[in-house]
Structure formats: structure tokens, C-alpha cells
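The working numbering puts the first residue of the sequence shown at 458, with every later residue one more than the last.
Using N, Cα and C, we set each Cβ at its ideal position, and we do this for glycine too.
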Amino acid sequence: MDNFQLKIFCAVTRLRSFSKAAKMLHMSQPAVSTHIKNLEEYYRGQLFERTPHGVCLTKAGETFYTYAQRMMDLQDEMEAELEKVLLRENNQLVVGASTSIGNVSLPCSIYFFKERYPELTVRLDIANSVEIIRKLYADEVDIGVLEGDVVIPELAAVPVTSDELVLILPAAHPCPDESLSLEDFLQLPLILREEGSGSRRILANVLELQGHSLSELNVVTEMGSIDAIKNAVAAGLGSAVVPRLSVRKESETNTLRVLTVSGLPMSLTYYVVYPVHKSLSTAAKRFLSFITDADENFLC
């Protein structure tokens with residue numbers, strides 16, 4: 458038995474006719490009959506019986522048809538999934554990125570990457586770090602770009618560039634200096650990134666090193682979008698800790714105050730991450746080489 462025989466069997470069943478099935482499959486009727494006969498000989502039982510209104514299934518044929526449909530559906534599903542995998546390997550790349558880098562520098566990098574490889578289709582999937590890691594494990598993205606130390610089983614991490622977390626305040630905030638004490642920082646109304654954010658994890662770690670915790674912060678709300686946080690701070694709803702890269706424009710235009718917190722070093726590194734248990738596609742290898750090349754302008 459082969460898949461073509463299953464296709465013939467299902468066609469005869471649906472059309473209740475050997476001749477109609479032969480016409481649909483561009484075969485001769487004797488050829489269709491021969492295939493059905495071979496199936497019946499293989500399984501040692503009659504699958505069809507002729508009636509004045511055409512052919513119909515025997516009890517054995519009904520059982521056979523139930524499983525034949527499942528097998529045909531499974532083959533269709535396999536072929537569709539295989540086509541998606543091969544398409545991705547050949548000319549499609551899905552890059553997952555945390556919000557802090559995905560909304561700032563990475564789109565520009567992808568633009569120049571596309572200029573070098575115009576035949577590739579690149580999709581950028583932006584989410585927090587925990588969600589990007591989940592998508593890597595689930596094979597929903599090919600490669601990821603995340604901030605913070607990435608020490609995760611079965612994921613390789615290649616450093617790309619460095620940055621730091623900074624404190625942002627409304628442009629009219631009266632703070633006279635470019636740095637704020639840790640004590641004053643703990644009192645500020647703060648807009649915090651959501652659970653799963655790499656920036657939040659880094660802030661929690663550096664606070665712990667100084668003998669403090671997130672629970673000591675004066676958190677007024679949590680948000681999952683860097684842009685939403687910047688807008689909220691600009692509107693005077695509080696302060697926030699964000700990567701410096703994400704507020705370059707606001708710093709240059711003086712639409713936000715950008716400060717450091719003395720006694721609270723918050724350096725971070727961006728990494729390209731990918732599963733070590735699977736081979737990278739050609740597109741992913743090209744992107745990895747491009748994004749880690751010191752001569753490329755990653756921070757455009």
C-alpha cells in the first residue's frame with residue numbers, strides 16, 4: 458500500500474464511482490479498479506460493494522476509510538510543515554528581540570542586513586526577554602537579541618554591544634545634577650517594566666548587590682512597552698529605569714532628563730542567542746555573522 462493508493466481509495470469513496478474517480482485523477486477506469494483490487498488483496502477483504510446507485514463501502518471499507526483520511530490529513534500536515542521549514546531555511550529569517558533593542562537599533566540593523574541580502578525575508582518579533590526565550594525553545598523564532606546576562610541551558614549567547622540602564626525623569630524635573638543618590642532614587646515614583654523584562658531583572662540584581670530589593674521601590678505602575686513608559690514619564694506620571702539606547706533621541710532633544718544613579722552601576726550587554734541543539738539556517742548564520750561583525754554599524 459502506498460499513499461497514491463490511499464488517494465485513489467478516498468476519491469472512489471467520496472465520488473461513489475470508479476469512473477468519476479478515474480476522471481478526477483486523470484487515470485483510466487481499469488487502472489483505478491486495479492489499485493482498489495490490490496488493496497483488497499493486500500488486506501484480504503472486500504472494501505467496496507456495487508449498488509444500483511454506485512459503489513459504497515463495506516464495513517471493512519468504512520474502517521479503512523476512517524484511517525485513510527487520518528493518514529492523508531497527516532501527510533498534508535507534514536508537507537505543509539516541511540514546506541514552512543524549508544522556506545525558512547532557504548530565504549526566511551525570524552528574529553526575536555527584547556523591546557529595549559527591538560524598538561530602537563535593531564530595525565536599522567535589519568535594514569542594512571536586507572540591503573546586503575535582498576533575497577531574504579526578515580521578520581522582527583518583539584517581546585520581553587522571557588517570551589523571546591520561550592519562542593526560541595518553541596522554534597517560533599530563529600535567533601534572538603536580548604539584554605542582560607544570558608546563562609540559559611541549551612542556548613548559545615554571543616555578546617554584541619554594551620549599554621547601561623539610566624534613570625529618566627520629566628524634562629522639567631528640578632534635579633540639579635546629572636546623577637541621583639540611591640536614597641533619593643528609592644523614594645521616586647517609579648514606572649517599572651513588566652515581569653519577564655530583561656531590564657527589570659538587571660535592576661533587581663544590581664539592587665540586591667547593594668542590599669536592596671524591588672519591593673523597596675516606590676512603584677506607581679508597571680508597563681510592558683518602552684514607548685509607553687517614556688510617554689508616561691514625559692507626562693509627569695513618574696520616573697523609570699530604561700536602557701540608554703532607548704532614550705538617545707529624547708536625550709538629544711531634551712524631552713526627557715537622563716540621569717545615572719550614584720552607587721548603582723547598571724551596565725548591561727546585548728547578546729545574540731540561539732539554540733545549540735539545532736543547526737542554524739543559512740539566513741540565521743548570515744545574520745549572526747553580520748550582527749557580530751565589529752565593522753558593521755549595529756547601533757545605527
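Beta-carbon proximity of residue i to residue j, cut-off 8 Å
i: residue 690; j: residue 626; result: yes
i: residue 538; j: residue 734; result: no
i: residue 593; j: residue 718; result: no
i: residue 703; j: residue 555; result: no
i: residue 605; j: residue 589; result: no
i: residue 603; j: residue 668; result: no
i: residue 599; j: residue 542; result: no
i: residue 630; j: residue 714; result: yes
i: residue 680; j: residue 651; result: yes
i: residue 585; j: residue 653; result: yes
i: residue 643; j: residue 674; result: yes
i: residue 478; j: residue 488; result: no
i: residue 464; j: residue 529; result: yes
i: residue 576; j: residue 548; result: yes
i: residue 628; j: residue 711; result: yes
i: residue 686; j: residue 648; result: yes
heavy atom of the ligand GDP below 7 Å from residue i C-beta
i: residue 575; result: Absence of the ligand GDP is noted for the structure shown, with no ligands found whatsoever.
Cα-Cα separation between residue i and residue j, rounded to whole angstroms
i: residue 559; j: residue 725; result: 15 Å
i: residue 570; j: residue 531; result: 37 Å
i: residue 700; j: residue 716; result: 11 Å
i: residue 485; j: residue 533; result: 25 Å
i: residue 633; j: residue 619; result: 28 Å
i: residue 749; j: residue 563; result: 12 Å
i: residue 622; j: residue 723; result: 5 Å
i: residue 698; j: residue 664; result: 12 Å
i: residue 745; j: residue 709; result: 31 Å
i: residue 507; j: residue 461; result: 22 Å
i: residue 688; j: residue 568; result: 26 Å
i: residue 540; j: residue 459; result: 21 Å
i: residue 535; j: residue 641; result: 59 Å
i: residue 721; j: residue 682; result: 23 Å
Span of the alpha helix (DSSP H), counted from its first residue to its last, around residue i
i: residue 487; result: 486-500
i: residue 482; result: Taken as a continuous stretch (DSSP letters only), residue 482 belongs to no alpha helix (DSSP H), as it is neither H nor E.
i: residue 465; result: 460-472
i: residue 593; result: 586-594
i: residue 704; result: No alpha helix (DSSP H) holds residue 704; DSSP gives it neither H nor E.
i: residue 733; result: Careful: residue 733 lies outside any alpha helix (DSSP H) and carries neither H nor E.
Spatial neighbours of residue i in its chain, beta-carbon cut-off 8 Å, leaving aside the 5 residues before and after
i: residue 504; result: 466, 493, 496, 497, 514, 515, 517, 518 and 521
i: residue 574; result: 740 and 743
i: residue 490; result: 475
i: residue 580; result: 549, 550, 551 and 552
i: residue 473; result: 510, 511, 512 and 513
i: residue 578; result: 548, 549 and 550
Test: residue i CB closer than 8 Å to a CB of chain B
i: residue 551; result: Going by chain labels, chain B is absent from the structure shown, which holds only one protein chain.
Range covered by the beta strand (DSSP E) that runs through residue i
i: residue 549; result: 549-555
i: residue 661; result: Not the beta strand (DSSP E): residue 661 falls in the alpha helix (DSSP H), residues 655-666.
i: residue 696; result: 696-700
i: residue 507; result: 505-508
i: residue 640; result: Residue 640 -> not in any beta strand (DSSP E); alpha helix (DSSP H) instead, spanning 639-644.
i: residue 560; result: Run containing residue 560: none; DSSP gives neither H nor E here.
i: residue 614; result: 612-627
i: residue 683; result: Element bounds for residue 683: not the beta strand (DSSP E) but the alpha helix (DSSP H), 683-691.
i: residue 678; result: 675-680
Cutoff 7 Å; reference residue i; Cβ partners in own chain excluding five residues on either side
i: residue 470; result: 514 and 522
i: residue 561; result: 702 and 703
Sequence-distant residues of its chain with Cβ nearer than 6 Å to residue i (five each side left out)
i: residue 671; result: 661
i: residue 553; result: 582, 589, 592, 598 and 601
i: residue 614; result: 607, 728 and 730
i: residue 657; result: 650
i: residue 616; result: 726 and 728
i: residue 646; result: 675, 677 and 695
i: residue 526; result: none
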